[in-house]
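Heads up: the sequence shown at position 149 corresponds to 149 in UniProt numbering, and the numbers run straight through without jumps. Built from N, CA and C at the ideal position, the CB exists for glycine as well. Keep in mind the model is a prediction, meaning the values are calculated, not measured.
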Amino acid sequence: MWELAAPAFLHALPALLEIYTAAMDPPAEQLPGRRSIMREHARHPRFGSVVALPRGGGEAAGFAYGFHGAGGQWWHDVITTELHERDPGADRHWFADSFEVAELHVLPACQGRGIGRSLLEALTAVRRERTAVLSTPTGPTAARGLYRSCGFVDVLPEFHFPGSPHRPFTIMAAPLPLPGGGPRRPAGRSRAWQWTG
C-alpha cells in the first residue's frame with residue numbers, strides 16, 4: 001500500500017476512477033459527477049488515501065480514502081440529522097470526532113485476497129479520530145461482511161439518501177483503532193506496505 005497526500009491523489013484520479021468504475025459499474029453519465037465529488041473530497045480537512053500496489057510494482061488493485069467528518073459536509077449533515085431523530089445521542093457518540101471512509105474499492109479480479117481489509121486497516125491506522133464511519137449498500141454483501149469483521153456496527157440500517165429512494169444503505173461505525181489494524185502511528189509521512197495475495 002502507498003499513502004497518497006491530496007495532490008498525489010488528484011494526480012492519480014483518472015486511474016482511481018477506472019478502479020471505481022470496474023468495481024461499481026456505474027452508469028457512464030454519473031462518472032463526471034463522481035470525479036467532481038472525489039476532487040472536492042480531497043480538499044476536506046485531514047484527507048487521507050491509500051492505494052494497493054502488487055509486489056514488484058504494476059497497476060493499482062484498489063484504493064480507499066477518507067477525511068475528518070464535520071458539520072457543513074453533505075454526507076455528515078444528512079446522516080447526523082437522521083440519526084439524531086432515530087436515536088438521540090447516537091449522533092454525538094459516533095460522529096462528534098469521526099473519520100469518514102468515503103470510498104473503498106478493489107478491482108473485481110483482485111477481490112477475495114485481503115486487499116480490502118489491508119486498505120481499510122492502512123487508511124485508519126494513521127487516524128486520530130475516535131471513530132470511523134461509512135455507508136454501504138444494505139444486504140449480505142462481501143463489503144458489509146468485511147466491515148463487520150473489522151468492528152463496524154449498524155447505526156442506521158435501511159437508510160435512503162436524498163435522491164436515491166429505491167436503494168437502501170446501511171450506515172456503519174466503529175471505534176478507532178480498528179481491531180487487528182495494528183498500533184496507531186503518526187500521520188504525515190508516506191509509507192509503503194505490500195499486500196500478500
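For this session: Thinking Trp94 and Ala173 are a contact (beta carbons under 8 Å), I'd like their distance in whole angstroms, please.
Result: For the purposes of this step, residue 94 is taken as residue 94 along the sequence shown, with counting starting at 1. For the purposes of this step, residue 173 is taken as residue 173 along the sequence shown, with counting starting at 1. The Cβ separation is near 4 Å, so the contact holds.
Using the three-state DSSP reduction, which class does Leu31 fall into: helix, strand or coil?
Mapped onto the sequence shown, residue 31 falls at position 31. Correct three-state label for Leu31: helix.
- Phe161 beta carbon less than 8 Å from that of Pro137: Against the sequence shown, residue 137 aligns to sequence position 137. Against the sequence shown, residue 161 aligns to sequence position 161. Taking 8 Å as the Cβ cut-off, Pro137 and Phe161 do not qualify as a contacting pair.
Margin query: Assuming contact is defined by CB atoms lying nearer than 8 Å, are Arg99 and Glu121 in contact in what I supplied?
Written below: As a working mapping, residue 99 is identified with position 99 in the sequence shown. As a working mapping, residue 121 is identified with position 121 in the sequence shown. One point to set straight first is that residue 99 is Phe, not Arg, in the sequence displayed. Contact: no.
**Prompt:** According to DSSP, is Ser164 helix, strand or coil?
**Reply:** What you label residue 164 is simply residue 164 of the sequence shown in a count that begins at 1. Coil at Ser164, not helix or strand.
Q. Near Ser149, which residues of its chain fall below 7 Å by C-beta distance, leaving aside the five closest residues on each side in sequence?
A. For the purposes of this step, residue 149 is taken as residue 149 along the sequence shown, with counting starting at 1. So the list is empty, once near-sequence residues are dropped.
| request: Give me the Cα-Cα distance between Arg117 and Gln111, rounded to the nearest whole angstrom. | output: For the purposes of this step, residue 117 is taken as the residue at position 117 of the sequence shown. For the purposes of this step, residue 111 is taken as the residue at position 111 of the sequence shown. Computed Cα separation, rounded: 10 Å.
| said: Check this for me: beta carbons of Leu83 and Leu156, under 8 Å apart or not? | reply: As a first step, residue 83 must be located in the sequence shown, where it is residue number 83. As a first step, residue 156 must be located in the sequence shown, where it is residue number 156. Yes. Within cutoff.
**Q.** Three-state class that DSSP yields for Thr141 in the structure shown
**A.** For the purposes of this step, residue 141 is taken as the residue at position 141 of the sequence shown. Residue state, collapsed to three classes: coil.
* To do: Let me know the beta strand (DSSP E) ranges lying completely inside the segment 99-152, each 3 residues or longer, listed in chain order.
  => 131-137
| query | Roughly how many whole angstroms lie between the Cα atoms of Leu17 and Leu4? | reply | The residue you call residue 17 lines up with position 17 of the sequence shown. The residue you call residue 4 lines up with position 4 of the sequence shown. Whole-angstrom Cα-Cα distance: 15 Å.
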